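A.B. asks: Read top to bottom, the protein sequences are chains V and W.
My numbering puts the first sequence at residues 947 to 1618.
My numbering puts the second sequence at residues 947 to 1618.
2 protein chains.
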Amino acid sequence: MVNNNNSVNKINPDLARERSKCTFNVEELTTFIDGSSENTKTRRERENFFLKSITQPKVPLEYLSHQERYDELMRMSVELYTSAREYSMEHGNPYEVYRHILGATLGPALTPDGNPLTLHFIMFLATIMGQGNDEQNVEWTTKAAGIQIIGTYAQTELGHGTFIRGLETTATYDETTEEFVLNSPTLTSYKWWPGGLGHASNYAIVMAQLYTKGICHGIHAFIVQLRDEDTHVPLKGIKIGEIGAKLAMNANNNGYLGLEHVRIPRKQMLMKHSQVLKDGTYQKAPNSKLTYSTMILMRVVIVENAADYLKRAVVIATRYSAVRRQSKLKETEPELQILDFVTQQYRIFPLIATVFAFHATAKWVWELFTNIEREILEGELTRLPELHAIACCLKAVSTTDCAQGVETCRFTCGGHGFMMSSSLPTTYGIATAACTYEGENTVMLLQTARYLMKSYQGFLQGKKLTPTLVYIEKFKGRATPSFQPRVEWIISALENVAARQIETAHGNIMHRTQNGVDYEHAWNQTSIELVSAAEMHCLVNVVTIFYEHVKSSKENLSKELALVMEQLLELYAVSTALKYSGKLLQFTNTTGHDVSELQRWLEDILAAIRPNAVGIVDGFDLSDDILRSTLGAYDGNVYERLYEEAQKSPMNQDQENKTFHKYLKPFLKSNM
Amino acid sequence: MVNNNNSVNKINPDLARERSKCTFNVEELTTFIDGSSENTKTRRERENFFLKSITQPKVPLEYLSHQERYDELMRMSVELYTSAREYSMEHGNPYEVYRHILGATLGPALTPDGNPLTLHFIMFLATIMGQGNDEQNVEWTTKAAGIQIIGTYAQTELGHGTFIRGLETTATYDETTEEFVLNSPTLTSYKWWPGGLGHASNYAIVMAQLYTKGICHGIHAFIVQLRDEDTHVPLKGIKIGEIGAKLAMNANNNGYLGLEHVRIPRKQMLMKHSQVLKDGTYQKAPNSKLTYSTMILMRVVIVENAADYLKRAVVIATRYSAVRRQSKLKETEPELQILDFVTQQYRIFPLIATVFAFHATAKWVWELFTNIEREILEGELTRLPELHAIACCLKAVSTTDCAQGVETCRFTCGGHGFMMSSSLPTTYGIATAACTYEGENTVMLLQTARYLMKSYQGFLQGKKLTPTLVYIEKFKGRATPSFQPRVEWIISALENVAARQIETAHGNIMHRTQNGVDYEHAWNQTSIELVSAAEMHCLVNVVTIFYEHVKSSKENLSKELALVMEQLLELYAVSTALKYSGKLLQFTNTTGHDVSELQRWLEDILAAIRPNAVGIVDGFDLSDDILRSTLGAYDGNVYERLYEEAQKSPMNQDQENKTFHKYLKPFLKSNM
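(1) Determine the DSSP secondary structure at Leu1010/V, reduced to helix, strand or coil.
(2) Determine, for Val1443/V, whether the minimum Cβ-Cβ distance to residues of chain W falls below 9 Å.
(3) In terms of residues, what are the limits of the beta strand (DSSP E) holding Phe1168/V?
(4) Under 9 Å between C-beta atoms, does Ser1473/W make it to chain V?
(5) Would you mind reading off the limits of the beta strand (DSSP E) that contains Gly1453/W?
(6) From Glu1188/V to Cys1338/V, what distance separates their C-alpha atoms?
(7) Would a check of beta-carbon distances place Leu1133/V closer than 9 Å to chain W?
(8) By the criterion of Cβ-Cβ separation under 8 Å, what are the contact partners of Trp1139/W in chain V?
(9) At the 9 Å Cβ level, is Cys1348/V part of the contact set with chain C, yes or no?
(10) Going by DSSP in three states, Thr1227/V sits in which element: helix, strand or coil?
(11) Can you pull out the residues from the segment 1593-1604 of chain V whose beta carbon lies closer than 8 Å to at least one beta carbon of chain W?
(12) If you check the beta carbons only, do Leu1568/W and Val1261/W fall under 9 Å apart?
(13) Distance, Cα to Cα, Thr1240/W vs Ala1308/W?
(14) So the candidates are Thr986/W, Ala1030/W, Glu1124/W, Thr969/W; which of them puts its Cα closest to the Cα of Lys998/W?
(15) In chain W, which residues lie less than 7 Å from Tyr1634/V when you measure between Cβ atoms?
(16) What residue from Lys1409/W, Leu1415/W, Tyr1157/W, Ala1444/W has the CA that sits closest to Thr1426/W's CA?
(17) Give a yes or no on contact between the segment 1244-1264 of chain W and the segment 1550-1565 of chain W, applying the rule of three or more CB pairs nearer than 8 Å.
(18) Mind checking whether Gly1204/W and Ser1135/W have CB atoms under 9 Å apart?
(19) So which of Leu1330/V, Leu1071/V, Lys1185/V, Glu1114/V has the shortest CA-CA distance to Cys1162/V?
(20) Measure the Cβ-Cβ separation of Val1541/W and Leu1530/W and say whether it is below 9 Å.
(21) When DSSP labels each residue in this structure, what does Asp1120/V get in the three-state scheme?
(22) Applying the criterion that 16 or more other CB atoms from any shown protein chain within 10 Å of the CB defines a buried residue, is Thr1177/W buried or exposed?
(23) In angstroms, rounded to a whole number, what distance separates the CA positions of Glu1085/W and Ile1110/W?
(24) Considering just the uninterrupted stretch of the beta strand (DSSP E) at Gln1155/W, what are its terminal residues?
(25) Buried or exposed: where does Asn985/W fall if 16 or more other Cβ atoms within 10 Å of its Cβ makes it buried?
(26) Checking the sheet assignment: what are the DSSP bridge partners for Asn1129/V?
(27) Tell me whether the beta-carbon of His1145/W lies closer than 9 Å to the beta-carbon of Asn1083/W.
(28) Looking only at C-alpha atoms, which of Glu1319/V, Leu1216/V, Thr1057/V sits nearest to Leu1333/V?
(29) Can you tell me whether Glu1025/W is helix, strand or coil according to DSSP?
(30) Would you list, in sequence order, the uninterrupted alpha helix (DSSP H) runs of no fewer than 4 residues that lie entirely inside the segment 1525-1611 of chain W?
(31) Anyone know if the C-beta pair for Gly1141/W and Gly1183/W falls short of 9 Å?
(32) Could you tell me if Met1069/W is buried or exposed, where buried requires 16 or more neighbouring beta carbons within 10 angstroms of its beta carbon?
(33) Secondary structure at Thr1472/W, three-state DSSP: helix, strand or coil?
(34) Check each candidate in Asp1347/W, Arg1271/W, Gln1290/W and name the one with the smallest Cα separation from Val1301/W.
(35) Cutting at 6 Å between CB atoms, please list the residues of its own chain near Thr1378/W, excluding the five before and the five after it.
(36) If we count the other Cβ atoms within 10 Å of its Cβ and call it buried at 16 or more, is Met1035/W buried or exposed?
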């Protein structure tokens, strides 16, 4: 393992034995995941370069005050961007480089408590490039890409998040001065949440309701200067600060922004699509759906991130479970590696399989996105709704399963998983945030359901189904074939469930409207089943994509690795089927006996994967500097690391015990 | 609401309307929960007294450094204990008072980031009183109860938690000096986790393997002095410090302890049960099960705590959902209170019902515990295994459901739930810890399963079933009656499931042993189903207890409140049945059609509870000073509070932006 810089340490004997038992070549798996050995090489080089480019704080961040953390993270972010520019100059591909260093693998390693400058690239620069006209691009992209200014993206408000139409900030055009007046009419209209808005940024894209000649044209994007470039003092009419402590990522500098009649020049509205002319004439964008694309892109990227967060957690849980020995099955035997408890395997192994399933899905949806974006540029928009629908449910399901999966991994590490040094609490903090940002998950599923109902209605009227939904047709009036212990059977059963669940939800809405409820209230009354339909639709697609991925990859893999991939596919499919056994039994001709068979099948695959579990997570190739985990390090010296990490607490340097003398001693003495 | 000290504020109009719609008397509910109006009065007085007795830090704890937090919490803990003594002198009942101020309701309000002195009362003093002989009680109880010394309870080690027999610390008797020599032979034998061990305590109960004359007698308790009473400097051979940052409760001062041949006098082994005589003769306790009782007590208390943590979360989620308006069903209508979305009701209301179910169960198991403890004192131990079994699964199920429930509540609050000022992240941190401490939950369920298998085996051989298991008999060869929309049917169906799941697990173990696997390995191979059996056993008991509780209380309640309690019972029963619909369909004659009926029933109850949701959570009577939540305050001024709380961040006082001038400005300038 080239990349595991602690490999000079003595390896824990249990871990060493696990590795010696592994039936496949770990490096082959790494290459397979990366796509090619060239990719693996580039990734490792890049990781090593950037991990070395940042000086980690002397005292671990969790012991610092809030302000000290921000200070340290700003230092580190500046170091990072300095190196990134240097690296991009030499190697090219700046977009690719930023995506890598801010992404879910390197991001938490390089800037472990958030990064106050992330949104500058991800959103500020990207929005200008995507929504600015040529002139605006020349002026602003130069400054932003050159990091002469620092910007963020201010959309969410105190009173509105996912429901964007409800945003209250206004931008009113004043044709007498050819300016927009940006204003926050209420407390709830204050921008709230944007990363880096609190104290880091001096500019922001502000999303606001555009008014010209007294008419509202909906949400548009404006470039607003927030602070003096030299003194960093907030400009007149700008009320700004950070929103305060959060569950995680406290150096992200999430901020609030109130605008008191702030004037900006007309040319600071981003005008690639819609325009406001000098005289205040509003010219609508040719297609309002064009701005969807960034939103969908974010959700597509999140699916990949979800897989990456979960990956960290399963590596830690698997290696720790191989090292940890606890309890005996029989008095005469030594204590067991906890990885030998079937309940432990049952909690961890399906999550390893989930990482692979989500990776395959992320790749698939990324390709779908780039294809459809190409079509959009050519003016072809017909496939946009389907992409939107699948991206929404994938975002919801991947982030939910990932966050729960990270917590499950933490639980499998017992008390030590509660230690910050395990890196599991931090991983959960980042992972769980994704369940809410970029579209709250329940709302996301309901958006997918909207598409499902519309498509189903069309299907009933004889319209053709789109590719992600063709399975509906298969089960019109047909039952699932009898149980067979094959992934194909599971896919077929899940398709049947999804089709029936969609049909049921559709029927219930119809039933309610026929009883006099209007459509939207009937929709709300049926929404529990609509969410369920969207979930099942999503899972059918994930299992199918994973199935196709394994099938198409197999011939390029060694026999040994191909077998492991088959087992992981089976495990994902079987554990999904068992998780939704209620649906299978309710909606298909699956029997209780079949469920028992699935249970036995599950137990068989867990046993089959057991000898390779450590090898598989080694194949993820997450170096110790990326994992930053006492429990998950490559050498498995868990207890030594826990002890060493504890020594870094400033409390343990305080031999004088000031607090004792200040508070406790006077109290104890007064009691004598 | 006497207790809501912010009631002078203007109430949010949506909340005010909710309250005006409430169909029952909220104060009647509060009285019902407390048991009597006298209890309510005492509780409120006590809460007010203690909330006033502590000076909260000027800067919220989340902005302080680790050391500053410890310092502040020590100050607050000392204030708290000073007041507690004062209060107990006047009102009596010191045990009751400490249980209240350290418990799950007042604890997080009074000392929000943990309390370095908690274990002194809960474990150090309690163990001496329970396991010390008369002489030891005279000497040590005086010092400890008078708080002249501060102690903790050191059991868990780096290498061993739930599996107590595996502990490695040794206490070897040296008859030549009449001393015990305490020693940590390995790094993994270091004590790890005890609260207050790091820097707060000067004494500890140390659990160690006792050796006399070369023979090991298992785990015993020893009083060990850790630090000089005057200087607080660690004594010779004591290696001590804190274990470092954790997911939550960072001022708990959880510590580690290594013992290097530390000698203590013979009389510092707690000798109420087992004894070591001067010459080293070991006298075994008459019944080794007697020491179980404290462990069971802790688990019993945890069930109540779980209900209390979840209670905090549902109050916050419900009130916030009544205030928050987001999205429109129809363009012509105003934005909806998010509490009107059925998906939101579906996530929150079953958790409100769960609070009541767990409260009833906690009361039931507490009474069972006190009854059986009385029997134990009379030498009657027959009911101890059943108590142990039910306490184990209740601990596991209540803490898992509670922690997940708190997270669900946080998700229902969207982004704002991620703010520390919502109090939801802190509540989750405390709640989730309980899934691991005092017995890891999977291990707990397997302990219950052990009892289930033994009982079932006995039943097959003609033995009588104990009260928590009698339902097995009912379903020997009989099917669940046909579906009826009544709680009695659900109980019957769940009983049938549990009985069949127990039978199946038992059968699978038998099948494996018949195929040559030895019992303990067959046990491990069947453990997924064993865990499931224990869960179902637990749920049958919880639903039944809640059912009996509502049935027996109804006649003392007004018609209106009785109806609400019926609805909550139905909701808990129906949502439990739906959650386990797979089991119902697999193991009973429930049909897919019945499941659809359950779904419809669920939707009906959600609608029925909707108008009273705010009233019900108001009835929990958690004052603003207890909730400490911007989102959950009684007046519902959510956005004002979020904004005010943000202003408390020290970052927002720093108008100079030192960090900008230090790091960001030089970087931006260098790019020009």
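Glycine included, each C-beta is placed from N, C-alpha and C at the ideal position.
This one's a predicted model, so the numbers in the text were calculated from it and none came from an experiment.
C.D. replies: The structure says:
(1) coil
(2) no
(3) 1161-1171
(4) yes
(5) Not the beta strand (DSSP E): Gly1453/W falls in the alpha helix (DSSP H), residues 1433-1460.
(6) 30 Å
(7) yes
(8) Gly1361
(9) Among the protein chains of the structure shown, namely V and W, there is no chain C.
(10) coil
(11) Gln1593, Lys1594, Ser1595, Pro1596, Met1597, Asn1598, Asp1600, Gln1601, Asn1603, Lys1604
(12) yes
(13) 16 Å
(14) Ala1030/W
(15) Coverage of chain V is limited to positions 947 through 1618, which leaves residue 1634/V absent and any answer about it impossible.
(16) Ala1444/W
(17) yes
(18) yes
(19) Glu1114/V
(20) yes
(21) strand
(22) exposed
(23) 28 Å
(24) 1149-1158
(25) exposed
(26) Thr1116/V
(27) no
(28) Glu1319/V
(29) helix
(30) 1527-1533, 1538-1555, 1559-1565, 1570-1573, 1584-1592
(31) no
(32) buried
(33) coil
(34) Asp1347/W
(35) Ala1349
(36) exposed
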